[in-house]
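Take a look at the structure below.
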Ligand code: GLC
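Residue numbers (the numbering used here): 29 to 505.
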């Protein structure tokens with residue numbers, strides 16, 4: 029099948045969050061199954077064109093109804109793993125050093141329009157256009173309005189970001205007509221991009237089964253639950269996989285000692301290297317908790333910060349936190365790190381080598397998310413033998429089962445309520461489990477042997493694509 033992915037980020041070209049990992053790895057997994065999946069994304073100024081050469085210019089497109097400076101052209105590059113990537117090149121993207129932040133609404137409106145313009149002119153024609161997150165959500169709407177030949181799938185990676193706008197943007201952008209054009213029986217869409225993907229794609233998916241259920245409720249629906257309930261019979265969850273080549277402790281060039289489930293004892297060298305890197309006492313017995321995360325509300329930073337005083341007073345555990353995000357958390361975390369220098373190390377940074385060493389060196393990996401569409405950190409942690417400590421929410425429910433007391437079953441430590449107390453009680457349970465060296469070793473081996481690669485999920489997308497094409501055939505009759 030021929031599928032065009034439309035997305036705002038794709039690793040390794042541009043990576044801000046988990047979306048980039050999915051767009052960088054799912055097409056490869058689908059192509060391995062014999063399909064032809066390609067990607068179209070904006071050409072940001074920060075794309076390293078020395079590393080990813082842009083091979084050809086397909087064409088210049090004169091865009092109407094946009095105040096964009098300069099023409100829009102389409103260039104082609106290839107990701108590692110031979111996935112073709114089309115880049116929409118316009119001044120609005122190439123002139124900015126940031127991926128997100130400035131004029132996002134205007135820029136992604138332009139991107140959606142450009143995709144629509146260039147789609148019929150590509151030398152290769154997809155059967156399915158698969159759009160990801162709010163940045164691309166106007167594409168299914170416009171394709172539907174044009175009764176185009178393409179089938180559409182829309183995937184929600186994070187419902188919290190919707191591309192919301194106001195009345196002024198509605199009239200300035202020319203989107204007003206689309207919002208007035210209400211169809212009988214269709215719920216009135218709110219002023220944002222996301223809702224349009226939900227309403228008009230042939231099929232809507234999200235990145236875990238549990239999140240697909242959760243977002244139907246007012247609590248997790250972020251104001252779009254009514255639209256999701258309206259599309260409920262065409263909504264499903266497919267859990268994300270992990271790129272097992274990229275994340276592999278047996279070949280990872282960033283870590284101090286390579287290992288696998290059979291040689292898990294070698295892992296200890298990574299723990300010592302991590303303790304050294306972050307300035308802790310190098311001690312194999314001290315439990316070490318790791319966190320690699322976007323530092324924002326979603327990821328549970330509030331309860332982590334609330335827990336510090338009792339965690340560090342009550343236990344001798346060490347903790348390393350790496351990530352970037354909201355200024356407020358940067359400050360609070362840095363303050364805490366100077367208060368507990370022997371036990372807490374904080375790195376406000378995107379740092380791949382350190383991230384890999386944390387996965388390979390920490391004993392427990394903490395993910396106390398407030399909500400979590402899928403989550404990648406817990407999957408990487410398990411691949412590297414770090415035992416996840418997670419909240420029972422979203423994709424964490426689908427990937428982490430609570431360990432029994434004797435550690436003989438399960439693959440992590442799970443707590444329910446979003447509060448520091450519940451999290452602390454579960455960290456303490458993990459610290460107790462850690463004392464049982466033999467059983468802990470077996471847990472490490474067990475979680476490393478689990479398979480969270482893309483294979484199974486890519487097959488699910490494959491049957492979903494078949495279904496979407498059959499729907500089209502059926503409609504034609
Ligand atoms: C978003 C979600 C995360 C998910 C990722 C990829 O970043 O917050 O849970 O894993 O998208 O789908």
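Here a beta-carbon is modelled for each residue, glycine too, at the ideal position from N, C-alpha and C.
- Judged by their CB atoms, residue 331 and residue 448 are nearer to each other than the 8 Å cut-off.
- For residue 239, the enclosing alpha helix (DSSP H) starts and ends at 237-242.
- Between the beta-carbon of residue 504 and that of residue 179 there is about 12 Å, and that puts the pair past the 8 Å contact cut.
- Relative to the ligand GLC, the nearest heavy atom lies less than 7 Å away from the CB of residue 400.
- Membership of residue 419 in the beta strand (DSSP E) is indicated by the continuous run 415-419.
- Its chain contains 38, 39 as the residues whose beta carbon lies nearer than 6 Å to that of residue 52, once the 5 sequence neighbours on both sides are disregarded; these appear in chain order.
- In the pairwise beta carbon analysis, the region 312-331 is classified as touching the region 387-397: at least three pairs are separated by under 8 Å.
- Of 31, 496, 36, 277, the smallest CA-CA separation from residue 62 is found for 31.
- Taking C-beta atoms as the reference points, residue 373 and residue 307 count as a pair closer than 8 Å.
- Close CB contacts of residue 231 within its chain, under the 6 Å cut and outside five residues either way in sequence, are with 181, 262, 496 (chain order).
- The C-beta of residue 273 has fewer than 16 other C-beta atoms within 10 Å across all chains shown, which makes the residue exposed.
- Three or more beta-carbon pairs separated by less than 8 Å are not found between the region 478-486 and the region 296-306, which leaves the two stretches without contact.
- Distance check between residue 71 and each of 49, 84, 54, 102 places 102 closest, using alpha-carbon atoms only.
- Within its own chain, the residues whose Cβ lies closer than 8 Å to the Cβ of residue 455, once the five positions on either side in sequence are excluded, are 317, 335, 339, 343, 345, 392, 394, 417, 441, listed in chain order.
- Residue 256 places its beta carbon 8 Å or farther from that of residue 266.
- Rounded to whole angstroms, residue 201 and residue 149 show a C-alpha spacing of 24 Å.
- Apart from the 5 residues on each side of it in sequence, residue 64 sits with its Cβ closer than 7 Å to the Cβ of 30 in its chain, given in chain order.
- For residue 381, the enclosing alpha helix (DSSP H) starts and ends at 380-389.
- Comparing C-alpha distances from residue 354 to each of 337, 327, 380 shows the shortest one belongs to 327.
- Within 10 angstroms of the beta-carbon of residue 162 lie 16 or more other beta-carbons, which makes it buried.
- Of 153, 75, 145, 258, the smallest CA-CA separation from residue 212 is found for 258.
- With respect to the 8 Å criterion, residue 138 and residue 120 are classified as neighbours on the basis of their beta carbons.
- Annotation for residue 490: the continuous alpha helix (DSSP H) segment containing it runs 482-504.
- Each residue's CA atom was taken as its position, placing residue 41 and residue 247 some 35 Å apart.
- Taking the Cβ of residue 404 as the reference point, at least one heavy atom of the ligand GLC falls within a distance shorter than 7 Å.
- Between residue 116 and residue 107, the CB-CB gap reaches or exceeds 8 Å.
- Within the region 421-450, the complete alpha helix (DSSP H) segments at least 4 residues long are 423-427, listed from N- to C-terminus.
- Residue 333 holds the alpha-carbon nearest to the alpha-carbon of residue 446 among 333, 35, 50, 292.
- Residue 222 sits in a helix when the DSSP states are folded into three classes.
- With fewer than 16 other Cβ atoms inside 10 Å of its own Cβ, residue 444 counts as exposed.
- Exposure of residue 310 is indicated by the presence of fewer than 16 other C-beta atoms within 10 angstroms of its C-beta.
- In the structure shown, the three-state DSSP call for residue 334 is helix.
- Rounded to whole angstroms, residue 269 and residue 86 show a C-alpha spacing of 32 Å.
- Taking every protein chain shown into account, the CB of residue 55 has 16 or more other CB atoms within 10 angstroms, so this residue is buried.
- For the 8 Å CB-CB criterion, residue 214 and residue 34 do not form a contact.
- Residue pairing by DSSP places residue 30 opposite 64 in a beta bridge.
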